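Step one of this worksheet: look at the structure below.
Residue numbers (our numbering), protein chains in the order written: chain A, 1 to 153; chain B, 154 to 916.
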């Protein structure tokens, strides 16, 4: 038994048949080849698979593909526009917030949602917003700086 | 003057690829009709397979192969990522086979399935009937060492992997002449690397009948050799490709998947098979950090001189040897350059138990011994009523020390300056006064701890590295190395070194980040904080050779003597006047297309380093302890490092941040737990295993004391692992300072702290 769903990925319309048990992570990675969506734990603990669903950062590994019907999905592949890095991406690059890079897409997407919200965040609030993402390389130091820089006007 | 590249905060060469999702890791490649591999793991810590029936699993539609130890070669092999030793006596213990008929820990590999998809593979695992003879599990080193204890490996009598130690000087003599003798016991816990990318590989047989393995590994060339050994085939029939790696920290300096993965593709006539571990598997079935027990007995003079120390160690290596024996030796060696003991007796014993396999993890045995030694030194200073910082300073060896066992000489040593700066950064003197007579349940304290470390493994291991540079028509170059980028930034520092040595801008160096054993120069890989120092030597050598060849070619073109020439900003110039003679690209074009003299310029070099530079550093920490809840909060923490010349300060800070964060987890929260009766893992996931989150991590201060190391390329020394060594003892010493309670075990989590505070009568 499959279900037909239709959604947008990075502004592109997609229609496909999915299994009821398939996760959005599996569909994005293995069927649509958006490999920037990383799998670190597959159970919603690490945040590496984060994508934006209608603008909200979500762990795609515990989000069923059928729920994505009618939604707008944004992955890391959709963040840069016309070959130009976004403000968040530039900040991550300039601040040296990237090491192995496996957690990077998730952090960048959550930070993107924060920037797009137009809200102001204190350092503590930034940390709280990012607390669903684990990183073992950076001790989070330069990630916090990069996100602060992204949030500056 | 040409723009400096070495020493600059250059943006890492892979930053854009990683921030856009374009960087490809092992799971990001697709092969047609790739099968999914899964492993059947033992539910028992110690058991023998009496019978195994795979017929039902084989009959399941979609299952292409089911393997047990009967179906795969049973050549014994060692998994540790060390250079091969021609001398058989120096090789690692060969205690493993591909799949086993004897389970030695909960999670040991009994059978494997290759099926069309994950679900089918999982179903097939459930259809394998195994009849086990359950044996008594041996779950602690003490139990393993008890006379008559069950043998974990049939041919290993006392469950002892190794007990090789050493004695320098006359330890008994120092005890006799000592004014004081102090003794302390310490214990560390089993922790796990938790790199964000789990272990993964895929394998297929190519058109030439060779086995290709794409793997998330730190050691592609070593991987090829070990897979060859395990399968009993010529090593040249194996090709290993390493794409981007999502962190390793030592867990991928070991062969955890690749030999089995190769056996799986052989079983399905070369069809691609992917073998990917879940997080839960990765945390118990790859490698962990060794738990150690240490007893330090130390002779001290009344003037506060450390005279001699007798170190007894028990290391728990788990079910298989992996790096166990070498990690004890590394611990015993790397602390020696710091304090001027006249005599040291080091007696380690590395023991098998029925727990997950311990292996290499960031700083290779040194965080354990330094937790013990720096806690011990702190205890001694306090008992002698001496200032702990001055006590340490009084005993530093400093530059000029020649290690009597390794022969390595300390040629640069900035430890004094590191301590001075750390003390200032944390505002030690002022805070010490402020925190003098604290009452109440919230108390603050200061602590510090020092370390010495090495840059590579010489002379214990061979230190060979290769680099290849090809000059393009436009004057840019490709740089190929066998050393592996795993997040630490090695590709970037090699590019900087090449640019600096050749006299071209950084963006004219194209680093080939992927290692492919068919193509990449030979290098043993990412471990021992060796690459910037060891591989850097090869990179510099290759770049200088290209430069020589370019200048030779220009001499042919112009008649200007080589001695008068130089390259700067991608131009050939007069060395003295800096006047531009021609763009480098012009010489490069001629080198390709001159009808008479064309000879494209390349360099392909190896460097066998027979030196090892000692790096040094210190952690200063300030904590606040909530005595009623046992919660320890790190308020401030500074790491100051002497890693020689810093090639890229931004990347170097990143290494320190990550290492300190890992050290804070080691000190306060991380510990893999097991059922004490059965050996079953209790918290092998990222929710129950307390890896520091962004909320748990304080601001981390970093500073460098840039000595110049004469043996290192551009003066550099090791940095990758050292930051993780001293946070734990510095935090422990700060807790002691705050509360007067001397912890001798980590992690100091709230429960343990609360119990100790209660015992001490603070609550």
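Glycine included, each C-beta is placed from N, C-alpha and C at the ideal position. These numbers come from a predicted model, not from an experiment.
### Message
Assuming the contact rule is C-beta atoms closer than 8 Å, residue 264 of chain B and residue 221 of chain B should be a hit. Round their C-beta distance to whole Å, please.
### Response
Right, their Cβ atoms sit about 5 Å apart.
### Task
With 9 Å as the limit, tell me which residues of the segment 886-908 of chain B have their beta carbon closer than that to any beta carbon of chain A; keep them in chain order.
none
### Task
Less than 8 Å between the CB atoms is what I'm expecting for residue 442 of chain B and residue 344 of chain B, so what's the real figure, rounded?
5 Å
### Query
So, residue 850 of chain B versus residue 817 of chain B, is the Cβ gap smaller than 8 Å?
Yes, the Cβ-Cβ distance between residue 850 of chain B and residue 817 of chain B is below 8 Å.
### Message
If we define contact as Cβ-Cβ less than 8 Å, is residue 25 of chain A a contact residue for chain B?
### Response
Output row for residue 25 of chain A: interface = no.
### Task
Report yes or no: is there a C-beta of chain B within less than 8 Å of the C-beta of residue 20 of chain A?
no
### Query
Is there contact here, the segment 609-628 of chain B with the segment 775-786 of chain B, by at least three beta-carbon pairs under 8 Å?
no
### Task
Going by CA-CA distance only, name the one from B:634, B:228, B:530 and B:292 that's closest to residue 690 of chain B.
B:634
### Message
Once DSSP output is grouped into helix, strand and coil, what is the label at residue 377 of chain B?
### Response
helix
### Query
Taking contact to mean at least 3 C-beta pairs separated by less than 8 Å, is the segment 731-743 of chain B in contact with the segment 848-864 of chain B?
Judged by Cβ distances under 8 Å, the segment 731-743 of chain B makes no contact with the segment 848-864 of chain B, as fewer than three pairs qualify.
### Task
Find the residues of chain A that neighbour residue 813 of chain B, judging by a C-beta separation of less than 8 Å, and give them in chain order.
139
### Query
How about the segment 115-127 of chain A and the segment 787-796 of chain B: do they share at least three Cβ pairs that are nearer than 8 Å?
no
### Partners in chain A for residue 836 of chain B, counting only beta-carbon separations shorter than 8 Å
Simply none; closest approach about 12 Å.
### Query
Between residue 655 of chain B and residue 699 of chain B, which are expected to be in contact by the criterion C-beta below 8 Å, what is the C-beta distance as a whole number of angstroms?
Confirmed, about 6 Å.
### Element boundaries [beta strand (DSSP E), containing residue 761 of chain B]
755-761
### Task
Would you identify the three-state DSSP class for residue 10 of chain A, choosing helix, strand or coil?
coil
### Query
When we look at the beta-carbon of residue 11 of chain A and count the other beta-carbons within 10 Å, is it buried (16 or more) or exposed?
exposed
### Task
Check whether the Cβ of residue 432 of chain B lies closer than 8 Å to any Cβ atom in chain A.
yes
### Task
Taking all protein chains shown into account, decide if residue 360 of chain B is buried (16 or more other Cβ within 10 angstroms of its Cβ) or exposed.
Looking at its Cβ environment, which holds fewer than 16 other Cβ atoms inside 10 Å, residue 360 of chain B is exposed.
### Query
When you compare only the Cα positions, how much space is there between residue 219 of chain B and residue 447 of chain B?
44 Å
### Bridge partner(s) assigned by DSSP for residue 356 of chain B
B:366 and B:426
#### Entry: Beta-carbon neighbours of residue 104 of chain A, restricted to chain B and to distances below 8 Å
171 and 172
### Query
Using a C-beta cutoff of 8 Å, does residue 117 of chain A count as contacting chain B?
no
### Message
Below 8 Å, how does it come out for the segment 683-697 of chain B and the segment 754-769 of chain B: are there three or more Cβ pairs, yes or no?
### Response
The segment 683-697 of chain B vs the segment 754-769 of chain B: in contact.
#### Entry: Buried versus exposed call for residue 828 of chain B [16 or more other C-beta atoms within 10 Å across all chains shown]
exposed
### Message
On the CB-based measure, 16 or more other CB atoms within 10 Å of its CB, does residue 1 of chain A come out buried or exposed?
### Response
exposed
### Message
DSSP three-state label for residue 827 of chain B, please.
### Response
strand
### Message
With three or more beta-carbon pairs closer than 8 Å as the criterion, would you say the segment 53-69 of chain A touches the segment 303-317 of chain B?
### Response
The segment 53-69 of chain A, when compared against the segment 303-317 of chain B, does not touch it at the 8 Å Cβ threshold.
### Query
Around the C-beta of residue 417 of chain B, are 16 or more other C-beta atoms found within 10 angstroms, so that it is buried, or is it exposed?
buried
### Message
According to DSSP, simplified to helix, strand and coil, what is residue 858 of chain B?
### Response
coil
### Residue closest to residue 30 of chain A, alpha-carbon to alpha-carbon, out of A:103, A:70, A:130 and A:60
A:60
### Query
Does the Cβ of residue 886 of chain B have 16 or more other Cβ atoms within 10 Å, making it buried, or fewer, making it exposed?
buried
### Query
residue 802 of chain B lies in the alpha helix (DSSP H); which residues open and close that run?
802-821
### Query
Are the C-beta atoms of residue 74 of chain A and some chain B residue less than 8 Å apart?
no
### Task
Specify, as a first and last residue, the run of the beta strand (DSSP E) that residue 631 of chain B falls within.
630-634
### Query
Is it right to say residue 553 of chain B is buried, meaning 16 or more other beta carbons lie within 10 angstroms of its own, or is it exposed?
Exposed is the call here.
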